[in-house]
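Numbering follows our numbering, with no gaps: position 35 of the sequence shown is 20.
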Amino acid sequence: MGSSPVDLNWNSASALWNVAHYKIVGLPMMDFYLDKAEDASLKAMLSYGIDKVLIPHVERIQNMLKEKGLETPSFYQRGKIDDHQISRCVREIVKHGLLNEMTALSNVSDNNVRNLLSDIIKDDMAQMSGIIQYKKSKNWLFDPPSI
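Now the structure itself:
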């Protein structure tokens, strides 16, 4: 794409933003698990995953997006989990649940199972709507980058 600072297409920028966002949302849980783990090997694995994988991946994505003049998702203050972070985590959990449920529904031919999955999806969509309304009322919704 030309000489403008943005030479990523929307799909690429959005993909990078979503990957970084998902990792950032998971960081408080990883910190929580690290704090609660008792086994030294598990603690080492979690610490390595946070310090050598998760954080560097997000930083690399942030750097690439910044180089392109795009907004980046940002880290929260580590060690402090607040309502905003909790609402982000819950939204991601429900979102990924819905993705799994839709995949399951598309792979099933038994009508009883399809009906059950449809009911579950309907309930989870209502839950997602409630989460979005809550986050909107707090001005906590983030949009991926615009190009």
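For each residue, glycine too, the CB sits at the ideal point set by N, CA and C.
### Query
For S(-12), which of helix, strand or coil comes out of DSSP?
Walking along the sequence shown from the start, residue -12 turns up at place 3. Below a pLDDT of 50, predicted positions are generally treated as unreliable, and S(-12), at 43, falls in that range; no measurement from the model is reported.
### Where the alpha helix (DSSP H) containing Q112 begins and where it ends
One-based indexing of the sequence shown puts residue 112 at position 127. Its alpha helix (DSSP H) spans residues 96 to 122.
### Message
Using only the alpha-carbon positions, how far apart do L50 and P58 sit?
### Response
On the sequence shown, residue 50 is found 65 positions in, with the first residue counted as 1. On the sequence shown, residue 58 is found 73 positions in, with the first residue counted as 1. If you take the alpha carbons of L50 and P58, they lie about 10 angstroms apart.
### Query
Can the beta-carbon of S91 be found less than 9 angstroms from the beta-carbon of K123?
Here residue 91 refers to the residue found at position 106 when the sequence shown is read from its first residue. Here residue 123 refers to the residue found at position 138 when the sequence shown is read from its first residue. No, these two residues do not count as a Cβ contact at 9 angstroms.
### Query
Where does the unbroken alpha helix (DSSP H) through E77 begin, and where does it stop?
The count along the sequence shown starts at 1 and reaches residue 77 at position 92. Run containing E77: 68 to 91, per the alpha helix (DSSP H) assignment.
#### Entry: Residue-chain proximity (S114, chain D), Cβ-Cβ < 9 angstroms
This model lacks chain D altogether; it includes just one protein chain.
### Task
Determine the DSSP secondary structure at N3, reduced to helix, strand or coil.
In the sequence shown, counting from the first residue as 1, residue 3 sits at position 18. Correct three-state label for N3: helix.
### Query
Which word fits V10, buried or exposed, when buried means at least 16 other C-beta atoms lie within 10 angstroms of its C-beta?
Indexing the sequence shown from 1 puts residue 10 at position 25. So V10 ends up on the buried side.
### Query
In chain order, what residues of the same chain lie with their CB nearer than 8 angstroms to the CB of R99, ignoring the 5 residues before and after it?
In the sequence shown, the residue the question calls residue 99 occupies position 114. Excluding residues within five positions, the ones whose Cβ falls inside 8 angstroms are L90, V93.
### Query
At what residues does the alpha helix (DSSP H) containing A25 begin and finish?
Reading the sequence shown from its first residue, position 40 is the one you call residue 25. Segment 25 to 33, the alpha helix (DSSP H) holding A25.
### Task
Can you give me the Cβ contacts of H42 inside the same chain, cut-off strictly under 8 angstroms, excluding the 5 residues immediately before and after it?
Here the question's residue 42 lines up with position 57 in the sequence shown. Cβ within range, chain order: V4, A5, K8.
### Query
Exposed or buried, what is Q47 when buried is set at 16 or more other beta-carbons lying within 10 Å of its beta-carbon?
If you number the sequence shown from 1, residue 47 lands on position 62. Q47 should be labelled buried.
#### Entry: Residue environment, W(-5), which counts as buried when at least 16 other CB atoms sit within 10 Å
The count along the sequence shown starts at 1 and reaches residue -5 at position 10. With fewer than 16 Cβ atoms within 10 Å of its Cβ, W(-5) is classed as exposed.
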